[in-house]
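S.K.: Encoded as structure tokens, here's the structure I'll be asking about.
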Amino acid sequence: MIKEKHNLKVNIAGVELKNPVTTASGTFGSGREYGEFVDLNQLGAVTVKGVSSTPWKGNPAPRIAETYGGMLNSVGLQNPGVEEFIKNDIPFLRQYDTKIIVNVAGKSVSEYCEVVERLSHADIDLIELNISCPNVKEGGVTFGTDVKMAHKVTKEVKRYAKQPLIVKLSPNVTDITEIARAVVDGGADGISLINTLLGMAIDIHKRKPILANTVGGFSGPAVKPVALRMVYQVARAVSVPIIGMGGISTGEDAIEFILAGATAVAVGTANFRNPRATIDVLEGIKEYMVRYGIQSLDEIRGMI
Amino acid sequence: MKEIKHALILDNQLIADNIYKMTLEADGIAREAKAGQFVNLYCKGEAKLLPRPISICEIDKDRGRITLVYGVVGQGTKEFSTLKAGEKIEVLGPLGNGFKIDESKAKNIIVGGGIGTPPLVELVKQLKGEKEVYLGFRSQSILLEAFKVYGANVHVATEDGSEGFKGNVLELLKKNNAKGEIIYSCGPKPMLKAIAAWAKENEIAMQVSLEERMACGIGACVGCVCKIKEKDELDWQHKKVCKDGPVFWSDEVVWDD
Ligand SMILES: Cc1cc2nc3c(=O)[nH]c(=O)nc-3n(C[C@H](O)[C@H](O)[C@H](O)COP(=O)(O)OP(=O)(O)OC[C@H]3O[C@@H](n4cnc5c(N)ncnc54)[C@H](O)[C@@H]3O)c2cc1C
Ligand SMILES: Cc1cc2nc3c(=O)[nH]c(=O)nc-3n(C[C@H](O)[C@H](O)[C@H](O)COP(=O)(O)O)c2cc1C
Ligand code: FES
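Residue numbers (our numbering), protein chains in the order written: chain A, 1 to 304; chain B, 1001 to 1257.
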């Protein structure tokens, strides 16, 4: 066992996380399932699956395809709606000593506002605005790939948010820094990235796409270099805290993101291969700190 | 806490063209497992990232073993087929809900298709009463002896006629004028859909084990959904095959594709 002399705490827009490790939205449900594999008390925060104003059915199956070192998903934000979420999932998560980050989905500016307004009265710690889901036709990524729209939706939503607002960016853009500046300008208190890259896989025997939706979001270890580059660029462009994600499955991966400027890190697809991935990442970060005598991650954050 | 186990492979042998039977020492899984549940098998490394869901074919609670029967269809199952007795494999389970065995039924019909046949072996082993097993294959049958050992009457259909009845398993059910109080079934979706229609016509309750592409296998990612009725064909919900299934009642399923 490593002695916990060092300080793992990180601060995201005034909310203190006991350590920098959270979960990537949509890969961890609301923590119930993986809570049977890891002690949720050990996580800095749990970021839950995207919630919308009303229940969404999501896309048809097949929704999952494996690709080399990664995967595609076209879940399409299936969720039971914000009321069910507040009723069932917040009380569950509040049993644990961890922060709650709620990922918000919407098809229009007014839907985003409606969900955020509802959540602003709920017992949660941070809001993560998902303007970057490639799997829904309206809303989602159409907001995240247009500078003006990204600015507008952030600004509108910010008026309703009582908790700090993190905006989650899409990597499917030419210049990520433009979008990052636009959302910070609109009032974002933090940025998380990356959401999934738009991808595709074809079954050559059936001569059909594997996903019923034809295209889907690409994630997992294979996307890490792209994610890291974007975190690096955004960290230089804006001064709000960043939650970095995309292919993180070890402590070393997480340290790379922190060196590139991330305040916290989220573990997503890696959970599917290793249900203990979040804790392994946390342990890996601690080991690195011990090895190099680091007291606080502030010492190395954004060094690159 | 639950965890992935490194299970010892006791045996891993070719039992038919491209089909392998693997026996694992997996005490915890064997103790808990029910007929119709599955396990996640993991490949080495991260290139093949996602678990492969494989049904539990037989459970040996006394010796703490499970057997799996799998077809080699892609990279993952190919890797499994190269593993030797004495090596270990990462496995998580048991997962999902198994068949709901109804002991009040004296006459059971069991219908399997192709590589959907394996989980029916443990089911037949546990069922009491009469067991009429109908199996459909493209050309080569598997596991017939296993069913016979557990007291089933086995009827085989092959598409090319190389074994048993030439045709599909539904035609064989009809030809034999099969009678039963309940049907348990696992196989390709078109087969399940056809048998479900026949079961409905004949007013026989039927359980089906469905398959879908999965990521987590434990209910967290909402990747593996099927359409399950709330009230009717138009009023349905996407349910998780891994967590809510894989076994459902056939009249709950929206059989639209
Ligand atoms: C609940 C359940 C029980 C199953 N039981 C058995 C069994 O007892 N015996 C058996 O031979 N097969 C079974 N299958 C199918 C088996 O999971 C696939 O054949 C296997 O995952 C293929 O892996 P691969 O790497 O060889 O193929 P690849 O095509 O290389 O796999 C690529 C990806 O697609 C997924 N995939 C490919 N085919 C299927 C499929 N038919 N169903 C679900 N995912 C698929 C793989 O898991 C992997 O993520 C079951 C599937 C499910 C959902
Ligand atoms: C199955 C699945 C579902 C996802 N659902 C959401 C979601 O609801 N909201 C969201 O903002 N991102 C969602 N994502 C994106 C992840 O949160 C994350 O940004 C992305 O997968 C990259 O990280 P990773 O490579 O560690 O998975 C989802 C990803 C996957 C694989
Ligand atoms: S595979 Fe993740 S919910 Fe079923």
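Positions of the beta carbon are idealized from the N, C-alpha and C atoms, including for glycine.
(1) Start and end of the beta strand (DSSP E) containing Tyr34(A)?
(2) Do Met1214(B) and ligand 1 come close, with the Cβ less than 7 Å from some heavy atom?
(3) Is Asp1011(B) helix, strand or coil when you go by DSSP?
(4) At a CB-CB cut-off below 7 Å, which residues of chain A make contact with His1332(B)?
(5) Strictly below 8 Å CB to CB, what residues from chain A border Tyr1042(B)?
(6) Where does the unbroken alpha helix (DSSP H) through Val183(A) begin, and where does it stop?
(7) At a cut-off of 7 Å, is Ile1054(B) close to ligand 1 when judged by its beta-carbon and the heavy atoms of the ligand?
(8) What residues match up with Leu193(A) in a beta bridge as DSSP calls it?
(9) From the DSSP output, in three-state form, read off Leu1092(B) for me.
(10) Quick one: is the Cβ of Ile255(A) within less than 7 Å of any heavy atom of ligand 2?
(11) Name the chain B residues whose beta carbon is nearer than 7 Å to that of Phe37(A)?
(12) Mind checking Met1214(B): buried by the 16 CB within 10 Å criterion, or exposed?
(13) Closer than 8 Å by beta-carbon distance: list the chain B residues that pair up with Met71(A), in chain order.
(14) Going along the chain, which residues of its own chain have a beta-carbon closer than 6 Å to the beta-carbon of Glu1058(B), five neighbours each way excluded?
(15) Which full runs of the beta strand (DSSP E) of 3+ residues lie inside the stretch 1068-1144 of chain B, going along the chain?
(16) Go through its chain and collect everything with a Cβ distance to Ile294(A)'s Cβ below 8 Å, but skip five positions before and after it.
(17) Helix, strand or coil for Asn88(A), going by three-state DSSP, please let me know.
(18) Closest Cβ-Cβ distance between Pro62(A) and chain B: below 8 Å?
(19) Mind checking Arg1052(B): buried by the 16 CB within 10 Å criterion, or exposed?
(20) Taking a Cβ distance cut-off of 8 Å, strictly less, list which residues of the stretch 18-30 of chain A are near chain B, in chain order.
(21) Hey, does Cys1057(B) have any beta-carbon neighbour from chain A nearer than 8 Å?
(22) Pick out the complete beta strand (DSSP E) segments inside the stretch 106-154 of chain A, 3 residues or longer, and give them in chain order.
(23) Strictly under 8 Å for the Cβ-Cβ distance: is Ala65(A) near chain B by that measure?
(24) Which residues mark the beginning and the end of the alpha helix (DSSP H) in which Thr278(A) is found?
(25) Could you check whether the Cβ of Thr308(A) sits closer than 8 Å to any Cβ belonging to chain B?
(26) Report the partner residues of Lys168(A) according to the DSSP bridge assignment.
(27) So with Cβ pairs under 8 Å, would you call Glu1212(B) a contact of chain A?
(28) Compute the beta-carbon to beta-carbon distance between Asp123(A) and Arg94(A), rounded to the nearest angstrom, for a pair I have assumed lies under 8 Å.
(29) Could one say the Cβ of Gly216(A) lies closer than 8 Å to chain B's Cβ atoms, at least one of them?
(30) Ile255(A) lies in the alpha helix (DSSP H); which residues open and close that run?
(31) In the DSSP assignment, find the unbroken alpha helix (DSSP H) run with Tyr68(A) in it and report its ends.
(32) I'd like the list of long-range same chain contacts for Gly186(A), defined as Cβ closer than 6 Å, with 5 residues on each side in sequence excluded.
(33) Got a sec: does ligand 3 put a non-hydrogen atom nearer than 7 Å to the Cβ of Gly1223(B)?
(34) Do you know how far the Cα of Leu193(A) is from the Cα of Gly268(A)?
(35) Does any residue of chain A bring its CB to less than 8 Å from the CB of Ile947(B)?
(36) For Gly220(A), which option in Val240(A), Asn195(A), Thr263(A) has the closest C-alpha, if you only look at C-alpha atoms?
M.R.: Checking against the coordinates, here is how it stands:
(1) Note, Tyr34(A): premise wrong, no beta strand (DSSP E); not H, not E.
(2) yes
(3) strand
(4) No answer is possible for residue 1332(B): the residues shown for chain B start at 1001 and end at 1257.
(5) Arg273
(6) Residues 176-185.
(7) yes
(8) Leu193(A) pairs with Gly244(A).
(9) strand
(10) no
(11) Met1001, Lys1002, Glu1003
(12) buried
(13) Neighbours of Met71(A) on chain B, chain order: Leu1049, Leu1050, Ala1215.
(14) Thr1067, Val1121, Glu1122
(15) Counting only runs of 3 or more, we get 1088-1095, 1107-1113, 1130-1137.
(16) His6, Tyr288, Ile300
(17) helix
(18) yes
(19) buried
(20) Answer set for the stretch 18-30 of chain A: Gly26, Thr27, Phe28, Gly29.
(21) no
(22) 126-130
(23) Under the Cβ distance rule, Ala65(A) counts among the residues neighbouring chain B, one pair being separated by less than 8 Å.
(24) 277-291
(25) Here chain A covers residues 1 to 304 and nothing more, so residue 308(A) does not appear.
(26) Asn130(A), Ser192(A)
(27) Interface annotation, Glu1212(B): in contact with chain A, CB-CB separation under 8 Å.
(28) Rounded, the Cβ-Cβ distance is 6 Å, consistent with contact.
(29) no
(30) 251-259
(31) Looking at the DSSP string, Tyr68(A) is not in any alpha helix (DSSP H), and its letter there is neither H nor E.
(32) His151, Thr154, Lys155
(33) yes
(34) Distance between Gly268(A) and Leu193(A), taken at the CA atoms: about 12 Å.
(35) Coverage of chain B is limited to positions 1001 through 1257, which leaves residue 947(B) absent and any answer about it impossible.
(36) Asn195(A)
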